[in-house]
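Enquirer:
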Amino acid sequence: MATSTILLTHEEKIMSTSTILLTQEDNGLAASAIKCIKQAAEHAYSQMKPDGHWYLEVRSSISFTVQWICIRQILGPPISQEEAAKFQAWLLSQQNTEDGSWGLAPAVHEWDGDVSTTVEAYFGLKLLGTPVDYKTMRRARAFILRHGGVARVGVLTQLVLAMFGIIAWKDMAQVPAELMALPAGLSPVNIYSFSYWSRVSAVPVMLLKHHQPVFPIYPVGADDGEEVLGATFLDELFINPLDRKLKSIPELSTLWQEGQVGRFACTMIDKAASMVEPVLKRTMLRSYCLDQCVQYIVNHLDAGGFGSLTISNFLCVVGLHAAGFAASHPVMGHLTQAMQDSLWEDQDGLRMQVTIGPVWDTALMTLGLLETGLADNRTDVTVKWFKDHQILKTHGDYVVTNPRAALPGGWSFQYCNEYFPDNDDTLVCLMAIVMRNPKEINSACGSRALNWLLAMQGGDGGWGAYDIDNTSKVANLFPFADGVEFFDPSVPDITGRVLEVLGYIICEPTCTAILPPAIYQRIRDACKKGLEYVARTQDKLTGTWWARWHVNYLNGTSSVLCALPYLSFIQQPDEPILISEPLSWIKAVQNPDGGWGESLGSYRDESLAGSGLVSTPTQTAWAIMALLSHLPHTDPAIERGVRYLLRTQVDVPTGVTWDQEAYVSVGFPNTLWLDFGCMKHGYPMVALGRYLHACKQH
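With the first letter of the sequence shown counted as 1, position 450 gets the number 452 in this note's numbering; the numbers rise by one all the way through.
(1) DSSP on R606, reduced to helix/strand/coil?
(2) Of all the alpha helix (DSSP H) runs that stay within the bounds of the stretch 392 to 449, which reach a length of 4 or more residues?
(3) Within its chain, find whatever has a CB closer than 7 angstroms to the CB of A324; leave out the 5 residues flanking it on each side and keep chain order.
(4) From the DSSP output, read off the bridge partner residues of L652.
(5) Jot down the residue ranges of each uninterrupted alpha helix (DSSP H) in the stretch 325 to 386, minimum 4 residues, whole runs only, in chain order.
(6) Take every Cβ of the stretch 185 to 203, pair it with every Cβ of the stretch 109 to 116, and state whether three or more of those distances are shorter than 8 angstroms.
(7) Return the CA-CA distance between E502 and S289, expressed in angstroms with no decimal places.
(8) Can you say whether A328 is buried or exposed, counting buried as having 16 or more other CB atoms within 10 angstroms of its CB?
(9) On the premise that L93 lies in contact with L127, defined as a C-beta separation below 8 angstroms, what is that separation, rounded to the nearest angstrom?
(10) What does a CB cutoff of less than 7 angstroms around L504 pick up in its chain, not counting 5 residues either side in sequence?
(11) Is L366 near G684, with beta carbons less than 8 angstroms apart?
(12) Taking N439 as the reference, which of C513, A446 and N478 has the closest Cα?
(13) Are the Cβ atoms of V508 and W465 separated by less than 8 angstroms?
(14) Please state the DSSP three-state secondary structure of E84.
(15) Are the CB atoms of P619 and L647 nearer to each other than 8 angstroms?
(16) Grouping DSSP H, G and I as helix and E and B as strand, with all else coil, what is D237?
(17) Near V278, which residues of its chain fall below 7 angstroms by C-beta distance, leaving aside the five closest residues on each side in sequence?
(18) With a CB to CB cut of under 8 angstroms and the five nearest residues on each side skipped, what residues in its chain are close to A144?
(19) Pull up the distance between the alpha-carbon of V553 and that of C318, whole angstroms please.
(20) For A483 and A477, I'd like the C-alpha separation in whole angstroms.
(21) Would you kindly work out how many angstroms separate the C-alpha atoms of S414 and Q392, rounded to a whole number?
(22) A408: buried (16+ other C-beta within 10 angstroms of its C-beta) or exposed?
(23) In whole angstroms, what is the alpha-carbon distance linking V562 and L345?
(24) Does M270 pass the burial test, meaning 16 or more other C-beta atoms within 10 Å, or should it be called exposed?
(25) Looking at the ligand NAP, does it come within less than 7 angstroms of F489, judged from the CB to the closest heavy atom?
(26) Quick check on this structure: which residue in D378, I73, V177 and G78 has the alpha carbon closest to the alpha carbon of G54?
(27) Taking only the alpha-carbon atoms, compute the straight-line gap between M458 and Y468 and give it to the nearest angstrom.
(28) By the DSSP assignment, the beta strand (DSSP E) with W675 in it spans what residues?
(29) With S667 as the anchor, note down where its beta strand (DSSP E) starts and where it stops.
(30) Output yes or no for whether 8 angstroms exceeds the beta carbon distance between A123 and I64.
(31) Can you give me the C-alpha to C-alpha distance between W675 and L292, rounded to a whole angstrom?
(32) Taking the DSSP output, what are the residues bridged to W465?
(33) Which residue from T120, G532 and E44 puts its Cα closest to that of G463?
(34) Please name the residue in I521, E487, E510 and C697 whose C-alpha comes closest to that of N672.
(35) Buried or exposed: M286, going by 16 or more other Cβ atoms within 10 Å of its Cβ?
(36) From Y298 to S195, what does the alpha carbon distance come to, in whole angstroms?
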C-alpha cells in the first residue's frame, strides 16, 4: 500500500502544535483518516470569518421565532408579505407530518409532539396570515384539542398569550416583584439564588405580571391593518371557549395526596400571593421593587441586549414597554437589534435562534484544527479574536455569591454577554489558546482565564456553568418554574472538561516550566478536589456519568475519561470502577454500524443511557475520544467508530463535513433541546486527530 503522509504532532500525552512528519505505511484506516481530516480542515477554513472566528446556527424549537413575530406585532415595523412567507416556510417545515404537532426536537428522536409548542406555532402562523382552514392548521388544531387545548400550555406560552388577551393574567402563577427585595445569602429564594438563565427571564416577568399589558393584534394581510380582538383570536383552540381556566397548575389536593409537601406548600404560597396582589400593587414596596427591576435590566445591558438570550430579550422588550418605555426609546431599539442579530436565514426559510454561539463555534473548530495538526497561521488570527472577546473589565453576577472570582477573565457563549461568562466556554477557549502556544499560559489572557476558572470551583469540588454552589431548588417548587431549572450546580460533564484543561496545563512541559509555583500548586489542589467530585458522582452500577449540557451519559462519561490520564499524579480511587467499567459500558452501547447514538429519552429513562438513537457523528466522536484516552488505537471498538466517521462524511463544495439531524445538546432537560452547528464537524475532527496521534505513538 502506498505511503500516506501528513503533518501531525505528538509529545507523550501532550499534543502540541509544533509539526512533525507522520508516515503511515500499510495502514488503510489511518490513510483514509488522513484524507478525511485534510478535507474536513478545508471545509473548516472555508467557514472561517475574515477576522478568524466561526459563527454557525444554534438549532432549537420554533418558540423563539414566534417570540420575534410577537415583537414585530407589538413594536413594529409590520412584517411584510415577503418576510411572512419566509417565516411561514420555516415554521411549516418543522411540523410533524404524522400528527400535525410541533415538538421540541426533530422527528429522528421520535419525541412526542408538545401542546405548548404547537399552540405557539399555530398562533405564529395565524399572526402571519395563514388561513385556519389550511390542512396544516386543521391538523395542528386537532392535535391541540386532543391534548386539552390552550388550558394545558406551560408558563412561557401563557405569557405570550396573555400579552394579547387570549388568556387572563390573573389566572397565571405569581412572580411578585418583591423578590427583588429579598437579600442574597439570607433568603432561600432571591434573584441571585436563581440560575443566570432564570434570573434574566424572571426580572422582566415581574414587570409584566405587575403591568399586565394587553396588546392589539394585526395579522399579516388583514384589511387596512385591521385590529383583531385578542380575546377571541384563538377560540378554536379551547375545549370550551367559555371556560378558559388554566389547568397547568396542579390541584392542591393532588399534590397533597402524592406526598409532594414542598410543591404543596409553595403552591399555597402562590395562591396566597395572588389573593394579596391587589393590595401589594399599591404599596411603596412594590414601587421600589419595580424600580429595582428596571435598574437591574438597564445595568446589565450590553451589545447582546439583556442576557444575550432571545427569551430574556423578548421578555425585557415587552416588560419595559409595559413599564412605559416607548418603542422609540434607545433601550428598546438596542434590545430589538440584539434580537434581530440572532435571525438565521437559509433555503429552509427565516427563523430566530435561541441564542448565538460564536465563541463556542470558534473554540471547537479551532480545537479540531489543532488536534489534527492542520492549524496554520490563520489560527493565530483566531487567538487574537479570542483575546478581543475575553471579559476582562466587567464584574458579572457571579461575584455576588463568589467574591473569590472578583478578577474577571472568562468568556461567554455569545459575541457579547459581559455579565454572564461561563466555565464551559472559558475552558475550551483557554485550551485552544494554550494548545496553539503553551507560553500563553503566562500571558495576561491565559493567566486571567486560568485564575477565573480556578476561582469558579464549587465547594463540592466540581464546576457548574455560570455560578458557584448554586444549588437551591426551592424556586423549582413554585408553579412559575414549569420545567425551567432555577439552579446551576456542579455537574460531571463541565467538571470533566475543566479537569482535562487543567491536567493538560500541568502536564505540558512549557507550561510547567513557566507557571509560578503557587499557581501550579493551586491547579494540583483543584484537580484533586475535582477528581474526588467525579468519583463521588459516578453511577456505581454502570460506571457512567450523566451530562447536563450535552446528551447525555456518552458526553458525561467521555468528558471525565478524557481528563483522567492527565491526573495520574493523584492517587485515584478504585481503578476498575473509575475507568474499566465506563470503558466497558461505552463498548456495550456501540451501535451495529460502528457509531454511537443516545436518545434524549435518557433524561427520562436511565435504561436508554447511551442508546436509543441512530448514530450521530458528534456522539460517536465523544465515544472514540473516551476510548482512545485509555485503550490502544487498534481496539476493535475504536476502529469501528473511526470507520463510521469516515463512511458517513459528506461532500460539500469545499471539503467534507458530517450531517446530523439529531439534537445532542440541552437547554433544559425534557423542556428545551439544542444543537450547535459546530459540533458535528469539530468533534469528529478532534476524535480523528487523536486517533492519528495514537497511530503515530504506537
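The beta carbon of each residue, even a glycine, is placed where N, CA and C say it ideally should be. Model, not experiment: these values are computed from the prediction.
Expert: By the coordinates alone:
(1) coil
(2) 400 to 403 and 425 to 438
(3) L209, L210, H213 and P215
(4) In the sequence under discussion, the amino acid at residue 652 is Val, which differs from the Leu named in the question. V652 is bridged to T659.
(5) 332 to 342 and 360 to 374
(6) no
(7) 49 angstroms
(8) exposed
(9) Contact holds; Cβ gap of about 6 angstroms.
(10) I525, A528 and C529
(11) yes
(12) Put simply, of C513, A446 and N478 the residue whose alpha carbon is nearest the alpha carbon of N439 is C513.
(13) The question names Val, yet the displayed sequence has Ile at residue 508. No, Cβ-Cβ distance for I508 and W465 is not below 8 angstroms.
(14) helix
(15) Against a cut-off of 8 angstroms, the Cβ pair of L647 and P619 comes out as a contact.
(16) In this structure, D237 counts as helix in the three-state DSSP scheme.
(17) Excluding positions up to five away in sequence, the list is empty.
(18) G102
(19) Their backbone Cα atoms lie some 30 angstroms apart in a straight line.
(20) 7 angstroms
(21) Between the C-alpha atoms of S414 and Q392 there is a straight-line separation of about 8 angstroms.
(22) exposed
(23) 35 angstroms
(24) So M270 counts as exposed.
(25) This structure lacks the ligand NAP; in fact it carries no ligand of any kind.
(26) D378
(27) 9 angstroms
(28) L674 to F678
(29) S667 to F670
(30) yes
(31) 33 angstroms
(32) V493
(33) G532
(34) E487
(35) The Cβ neighbour count for M286, taken over all protein chains shown within 10 Å, is under 16; the residue is labelled exposed.
(36) Y298 and S195 have their C-alpha atoms spaced approximately 15 angstroms apart.
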